[in-house]
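One structure is given here, and the rest of the page talks about it.
In the working numbering, the protein residues as written are 1 to 464.
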């Protein structure tokens, strides 16, 4: 029981720096390990020296993104709801919400698989497969969808684990899936010669392994959710409470795919060195983005718990600290990369044209990275506090805005417009998040005044 009590302690009363250390550092480590997990499949397929197979698993990446997004629909929507209920001391209802999240995620995974099976040929063509890669891509897609319920379930359960502040356990699950990939990939791909099907199966089983671990933790060690598997039925109102927050994850996923396709389409017009330059720059800026993501994802339960328990002073403090840490990560990283940009780019390529283009693109990406963390933080605050409209607006804006921005900037400025389009979109979305946050803050102040709640209302915060 000590472990569960300590998780509640970090949400409820631990010194803020200590709480952030407990909640966010494991998530930051887990996100970093996750970057390794993303390249394991490609590495072992690459050992077969078959370009068509490597292309097939690259074309299949959106499948994993979509399955992950559906998992987060239930996980983020249900997990933040569970945390708010814990803050209100309503743990019995929290168990019902967790039970629904568990069973609904499995059902969603099965439904997605059945629909994909019925439309597998057009889906394979939609992924971009040509005659040479069609069969490999189709095989990979079929296997991914068949075992996709495990991916949906894994991401849903991970959010439930983090819902009560168990960030270490969330990190352990990521470690388990990564370790299983390192076992299953060489076994299925190289030893059993299952090739792309083996790569997809390894990914599904790795996610199933971590899902089993999360299920074990929730059923045996969770203070608030133990016994949640007995529950499934919840009211329509409670379902809407889950989906109004969770749907923002699905919207983000859809627009992320559209954004990637648009960027690829425009950048390839200017040559392989531009595409490669974008690839290098995006990999470099992933580092601060993943660190910031680990920070604000780890703090979602802290925001949700103290919002629900009406501890405005602690909610204020947690958000102010989050802004400070994200700003520090962004500024320190941007400064270091700017100072050592030459040697860093040479790690990825020795082609002078790629390095020259990568240096220019990196400048735009680094400015984008300064604002990306704040955009994610605003989204996390809205999700944690059940502000579905604000979370949805930000998700739609981040995706929809990029479409006219890249079209207009490309028309007027050519390659320069393509390079800076993501930066313009990110800065604008972050400023929109600030505006929405100020409105949300005013509502908090008003409710604190009307209800005479303890503590102070949130002071307006800015990301600069």
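Glycine included, each C-beta is placed from N, C-alpha and C at the ideal position.
| Check | Outcome |
| --- | --- |
| If contacts are defined as beta-carbon pairs under 8 Å, then residue 160 and residue 78 qualify, I think. What distance do you get, rounded to the angstrom? | 7 Å |
| Where in the stretch 168-253 do unbroken runs of the beta strand (DSSP E), each at least 3 residues long, occur, reported from the N-terminal end onward? | none |
| How do the stretch 237-254 and the stretch 384-396 stand: do at least 3 beta-carbon pairs fall below 8 Å, yes or no? | yes |
| By the 10 Å Cβ neighbour count, where 16 or more other Cβ atoms means buried, how is residue 412 classified, buried or exposed? | exposed |
| In three-state terms, what does DSSP make of residue 125? | helix |
| At what residues does the alpha helix (DSSP H) containing residue 387 begin and finish? | Segment: none, residue 387 is in no alpha helix (DSSP H) and carries neither H nor E. |
| DSSP three-state label for residue 49, please. | coil |
| I'd like the ranges of any alpha helix (DSSP H) spanning at least 4 consecutive residues and lying wholly in the stretch 256-334. | 272-308 |
| Would residue 72 and residue 57 be called neighbours here (beta carbons separated by less than 7 Å)? | no |
| Cβ of residue 214 within 7 Å of Cβ of residue 251? | no |
| Should residue 1 go down as buried or exposed, given a rule of 16 or more other Cβ atoms within 10 Å for buried? | For residue 1, the predicted structure reports a pLDDT of 41, less than 50, and the residue's modelled location is therefore unreliable. A value from the coordinates is still provided. When all chains shown are included, residue 1 counts as exposed. |
| Can the beta-carbon of residue 330 be found closer than 7 Å to that of residue 373? | yes |
| May I ask which residues mark the beginning and end of the alpha helix (DSSP H) holding residue 135? | 134-146 |
| Would you report the Cα separation of residue 152 and residue 53, rounded to the nearest angstrom? | 25 Å |
| If we count the other Cβ atoms within 10 Å of its Cβ and call it buried at 16 or more, is residue 177 buried or exposed? | buried |
| According to DSSP, is residue 392 helix, strand or coil? | helix |
| Using alpha carbons as the reference points, say which of 357, 99, 350 lies closest to residue 229. | 99 |
| Cβ of residue 87 within 7 Å of Cβ of residue 305? | yes |
| When you compare only the Cα positions, how much space is there between residue 146 and residue 113? | 6 Å |
| Quick one: what does DSSP say residue 426 is sitting in, helix, strand or coil? | helix |
| So, helix, strand or coil for residue 459, using DSSP? | The predicted position of residue 459 is uncertain, since its pLDDT is 44 and thus under 50; a value taken from the coordinates is nonetheless stated next. Residue 459: coil per DSSP, three-state reduction. |
| If we call anything under 7 Å between Cβ atoms a contact, is residue 69 one with residue 253? | yes |
| For my contact list, residue 180 and residue 205 are in at a C-beta cut-off of 8 Å; report their separation, rounded to the angstrom. | 6 Å |
| What distance in whole Å lies between the Cβ atoms of residue 424 and residue 405, which are believed to be in contact at a cut-off of 8 Å? | 5 Å |
| So, helix, strand or coil for residue 90, using DSSP? | coil |
| Would you decide whether residue 398 is buried or exposed? Buried here means 16 or more other CB atoms lie within 10 Å of its CB. | buried |
| Would you call the stretch 275-294 and the stretch 432-444 touching, i.e. three or more CB-CB distances under 8 Å? | no |
| Mark residue 19 as exposed unless 16 or more other C-beta atoms lie within 10 angstroms of its C-beta, in which case mark it buried. | buried |
| Within 10 angstroms of its Cβ, does residue 148 collect 16 or more other Cβ (buried), or is it exposed? | buried |
| Quick check: what's the CA-CA separation for residue 309 versus residue 185? | 45 Å |
| Less than 7 Å separating the beta-carbons of residue 64 and residue 104? | no |
| What three-state label does DSSP hand residue 15 in the structure shown? | coil |
| Measuring CB to CB, does residue 167 end up less than 7 Å from residue 27? | yes |
| Since residue 420 and residue 436 should fall inside the 8 Å C-beta cutoff, what is the C-beta to C-beta distance between them, to a whole number of angstroms? | 24 Å between Cβ atoms; not a contact. |
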